[in-house]
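**Student:** Numbered as in our numbering, the sequence shown ends at 293 without a single skipped number.
A virtual CB, placed ideally from N, CA and C, is assigned to each residue, including glycine.
All values reported here derive from a predicted model rather than from experimental measurement.
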Amino acid sequence: MARSVLVVDDAAFMRMMLRDILSKEGYVVREAVNGADAVRTFTEDRPDVVTLDITMPEMGGLEALRQIKAADPAARVIIVSAMGQQQIMRDALDAGAADFIVKPFQPAKVLEAVRKSLQPPSR
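1. Grab me the residues of V284's own chain with a C-beta within less than 6 Å of its C-beta, minus the 5 sequence neighbours each way, in chain order.
2. Ordered along the chain, which non-local residues of its own chain (more than five positions away) have a Cβ less than 7 Å from that of K286?
3. Can you tell me where the alpha helix (DSSP H) holding V280 begins and where it ends?
4. Is the separation between the beta-carbon of V178 and that of A234 shorter than 8 Å?
5. Three Cβ pairs or more, each shorter than 8 Å: is that satisfied between the segment 223-232 and the segment 189-199?
6. Measure the CB-CB distance between P217 and S251 and report whether it falls below 8 Å.
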């Protein structure tokens with residue numbers, strides 16, 4: 171069965187880029203436009219992985235990450251962030267993010283982060 175990825179970004183162009191990268195590799199991609207939409211869609215669909223932009227209107231990525239992890243502590247969330255946001259990255263990792271991708275991103279880095287997040291945790 172194909173793995174599903176929820177792509178969350180307020181910029182349609184970024185969602186399109188991620189959707190193209192992931193769908194070419196066989197992932198089923200859903201999209202959300204902000205954190206509140208992400209939490210709602212995650213709760214309904216339970217995707218295998220979430221890529222989550224940090225800076226969005228209505229509800230930012232960190233708050234959405236916290237709510238998604240509260241709903242499902244095993245949720246796999248990859249934070250997508252612009253350069254120079256190291257403190258936010260640390261906060262996201264502390265809140266349970268599996269990994270992060272820095273914009274502008276390379277397709278190979280996106281796929282590597284998604285594949286890595288889907289592996290079972292090492293003991």
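**Tutor:** In short, the structure shows the following:
1. Same-chain partners within the cutoff: V219.
2. D269
3. 277-288
4. yes
5. No: the two stretches stay apart, fewer than three of their Cβ pairs being nearer than 8 Å.
6. no
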